[in-house]
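Asker: Handing you this structure, nothing more for now.
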Amino acid sequence: MQDLAGWSALLILRPKKWHLNKGGIVSKQLVFAMSLSVLVAACGGGGGGGGGSLSNPTGGGSSGGSSTSDPCGVSAQIDFVEDLATDYYYWYDELADVDKSQYSNAQDYLGAIMRPIWCDLADTPGNCQSTGRDPGFSYLTTIEADTQRFESGTFYGYGVRYRLINGDFYFSDAYEGGPAFLAGIRRGQRLVAVDLGDGFVSWEQIVADESAELPEAVFGPRGQLQTTIFRVASDGSEQDISVTTAETSTPPIAGAPTLIPTQGGNPVGYINFRTFIDDADQPLRDAAETFAAAGVTDLVIDLRYNGGGLLRVAETFLNLLAGDVAQGQTSYIINLNDKHQAENSVESFSKLQESFAPSPNRIAFITTLGSASASELLINSLDPHVEVAIVGSETSGKAVGQGAWDLDPNACETRLRLIAFEIQNGAGEGGYYNGLVSTGRFTFLPAADDATRPFGDINEESLQTALAWLGVTPAKRQAETLKSPTSRLGVAGFDASWPADKEPPLNPDGSVRSF
Numbered sequence: 003m004q005d006l007a008g009w010s011a012l013l014i015l016r017p018k019k020w021h022l023n024k025g026g027i028v029s030k031q032l033v034f035a036m037s038l039s040v041l042v043a044a045c046g047g048g049g050g051g052g053g054g055s056l057s058n059p060t061g062g063g064s065s066g067g068s069s070t071s072d073p074c075g076v077s078a079q080i081d082f083v084e085d086l087a088t089d090y091y092y093w094y095d096e097l098a099d100v101d102k103s104q105y106s107n108a109q110d111y112l113g114a115i116m117r118p119i120w121c122d123l124a125d126t127p128g129n130c131q132s133t134g135r136d137p138g139f140s141y142l143t144t145i146e147a148d149t150q151r152f153e154s155g156t157f158y159g160y161g162v163r164y165r166l167i168n169g170d171f172y173f174s175d176a177y178e179g180g181p182a183f184l185a186g187i188r189r190g191q192r193l194v195a196v197d198l199g200d201g202f203v204s205w206e207q208i209v210a211d212e213s214a215e216l217p218e219a220v221f222g223p224r225g226q227l228q229t230t231i232f233r234v235a236s237d238g239s240e241q242d243i244s245v246t247t248a249e250t251s252t253p254p255i256a257g258a259p260t261l262i263p264t265q266g267g268n269p270v271g272y273i274n275f276r277t278f279i280d281d282a283d284q285p286l287r288d289a290a291e292t293f294a295a296a297g298v299t300d301l302v303i304d305l306r307y308n309g310g311g312l313l314r315v316a317e318t319f320l321n322l323l324a325g326d327v328a329q330g331q332t333s334y335i336i337n338l339n340d341k342h343q344a345e346n347s348v349e350s351f352s353k354l355q356e357s358f359a360p361s362p363n364r365i366a367f368i369t370t371l372g373s374a375s376a377s378e379l380l381i382n383s384l385d386p387h388v389e390v391a392i393v394g395s396e397t398s399g400k401a402v403g404q405g406a407w408d409l410d411p412n413a414c415e416t417r418l419r420l421i422a423f424e425i426q427n428g429a430g431e432g433g434y435y436n437g438l439v440s441t442g443r444f445t446f447l448p449a450a451d452d453a454t455r456p457f458g459d460i461n462e463e464s465l466q467t468a469l470a471w472l473g474v475t476p477a478k479r480q481a482e483t484l485k486s487p488t489s490r491l492g493v494a495g496f497d498a499s500w501p502a503d504k505e506p507p508l509n510p511d512g513s514v515r516s517f
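Numbering of the sequence shown is given in this note's numbering, commencing with residue 3 and proceeding in unit increments.
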């Protein structure tokens, strides 16, 4: 029996409004989140994926399509994917017609039927290029991995992110309380060499080695116990830092909310928001109270690596920011496919006890291609009600959300996430599949993500540019709007000289990975 676990775990939207009975199935909740890897079963570790592979589930099962008594086997998984994809998938009428008996695992079958939406059909299967609408947002994972990822943000690793600048490797984030942070790793440190247990290998050697692959060449196998010595450079000196992987959580806010003083005016509030997980709810409320008590009227919200998360947390943030000025007005609209129009939803702003009153005058959002999903919903939903600007580079372009279904939660770990709805703001504006900037609706100030400087440093280019728009610092570049669509495949702000066959620090949808 198939259990519709619902629109669960990612962006939860008042479950009492979303109930189905399909084959004895249970309630559902809406979701909206960043994706896993395209055409790959959920991979281990944090940021980039969920749990173990579903290609060889416990109990086996026959090849796709043939009968089996195993309710969790391959055949059951393939039938499960087929039934739901042809019913709830947002672009169900574009799915490929394939012979499911030819597939030995459900993930390959999912990739085959979704190839017209995932790929440019001129590409070979090994060279799948995203069309922009669903580059891996629909995938198979496990219940346990999915729950860990989007409720608490836990994963097994070092607790870092990285990016490349002019061919050099920089740590771009280190999670407070994580093993790397506790050992001394910080944003802005440049990797000189790494010792995974067999002696130091320089970064130059890694780049020159055609067989080397990121991230394994620096971090070792993902999701495993590993002690690594990182030789890093900062402030003109080098040091060796030993880090052992461990279960790590993602603090939703980097550091603490910051008050940036201005000349003769109220301070500007700055917050670096990493992820929309459950643990973010109270810190966001606390930050709003801190800013309100200081008389903040202008904000900089840094979403540069925020790939999305729970809708209920996005709703809280929306209500904290615009619950006063837009109370009772539409915040966002959920649109399902033409088979399920009766399940569409219109949500409204409501004022919370901690809401800004009055709401902020202006908000500058710092973004990169890693800003996806709930981050884009936040910006798009606020735009009709508060003056906003986008600073940095183009966003991911995830204008849709997912549903989550469980094959049989009492017997199996198999969970399927499918794109099931499109998001619009209260003005009916959505469809930003090339990113928010390319819609031409937003004031846009291009700026680099200067990973050599810490978050909150007013000399970091993105923050400096945001403050210039707010009139706090002199402007270096003129604000602009980008009218022509841009490709989501372009990795804005990342080093284009890195060989194409070496993996960049992004998921296929542009969300920034954690390690």
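Cβ coordinates follow ideal geometry from the N, Cα and C atoms, glycine included.
1. Does the distance from the C-beta atom of Ala108 to that of Leu97 stay below 8 angstroms?
2. Do Ile368 and Gly394 have their C-beta atoms within less than 8 angstroms of each other?
3. Buried or exposed for Ser37, please, with buried defined as at least 16 other CB atoms from any protein chain shown within 10 angstroms of its CB.
4. Compute the Euclidean distance between the alpha carbons of Asp200 and Gly257, then round it to the nearest angstrom.
5. Nearest by alpha-carbon distance to Glu533: which of Tyr90, Thr143, Glu84 is it?
6. Throw me the rounded Cβ distance for the Ala328 and Phe351 pair, which I believe falls under 8 angstroms.
7. On the three-state DSSP scale, how would you describe Pro269?
8. For Ile595, which three-state DSSP category applies?
9. Taking the alpha helix (DSSP H) that Gln548 falls in, what are its first and last residues?
10. Is it buried or exposed for Pro360, if we count other Cβ within 10 angstroms and need 16 for buried?
11. Going by DSSP in three states, Val2 sits in which element: helix, strand or coil?
12. Does the count of Cβ pairs from the region 408-428 and the region 374-392 closer than 8 angstroms reach three?
13. Have a look at Ser239 and Phe139 and give me their C-alpha separation to the nearest angstrom.
14. Is it right to say Glu146 is buried, meaning 16 or more other beta carbons lie within 10 angstroms of its own, or is it exposed?
15. Is Asn461 near the ligand PLP, with its Cβ less than 7 angstroms from a heavy atom?
16. Only counting runs of 4 or more residues, tell me where the alpha helix (DSSP H) segments fall wholly within the region 346-433, in order along the chain.
17. Compare the C-alpha of Trp120 against each of Arg443, Leu420, Gly473, Ala450 and name the closest.
18. Using a 10 Å radius around the Cβ and a threshold of 16 neighbouring Cβ atoms, would you call Gly26 buried or exposed?
19. So the alpha helix (DSSP H) Thr441 belongs to, where does it begin and stop?
20. Do Glu178 and Pro253 have their C-beta atoms closer together than 8 angstroms?
21. Which whole-angstrom value is the C-beta distance of Gly403 and Tyr434, which I expect to be below 8 angstroms?
22. Measure from the alpha carbon of Asp170 to the alpha carbon of each residue in Leu472, Thr264, Val220, Thr441, then state which is nearest.
Answerer: Straight from the coordinates:
1. no
2. yes
3. Legend: pLDDT at Ser37 = 31, less than 50; position of this residue unreliable, value from coordinates given subsequently. So Ser37 ends up on the buried side.
4. 35 angstroms
5. Since the first residue shown for the chain is 3 and the last is 517, residue 533 is missing from the structure and cannot be characterised.
6. 4 angstroms
7. coil
8. Nothing can be reported for residue 595, as the shown portion of the chain is limited to 3 through 517.
9. A question about residue 548 goes unanswered here, because the residues of the chain that appear run from 3 up to 517.
10. exposed
11. In the structure as shown, the chain starts at 3 and stops at 517, and residue 2 therefore has no counterpart that could be examined.
12. yes
13. 42 angstroms
14. exposed
15. Absence of the ligand PLP from the depicted structure is noted, as is the absence of any ligand whatsoever, leaving it without description.
16. 376-384
17. Leu420
18. A caution first: Gly26 carries a pLDDT of 27, below 50, which makes its placement in the model too unreliable to give a value.
19. No alpha helix (DSSP H) holds Thr441; DSSP gives it neither H nor E.
20. yes
21. Gly403 to Tyr434, Cβ: 13 angstroms. No contact.
22. Val220
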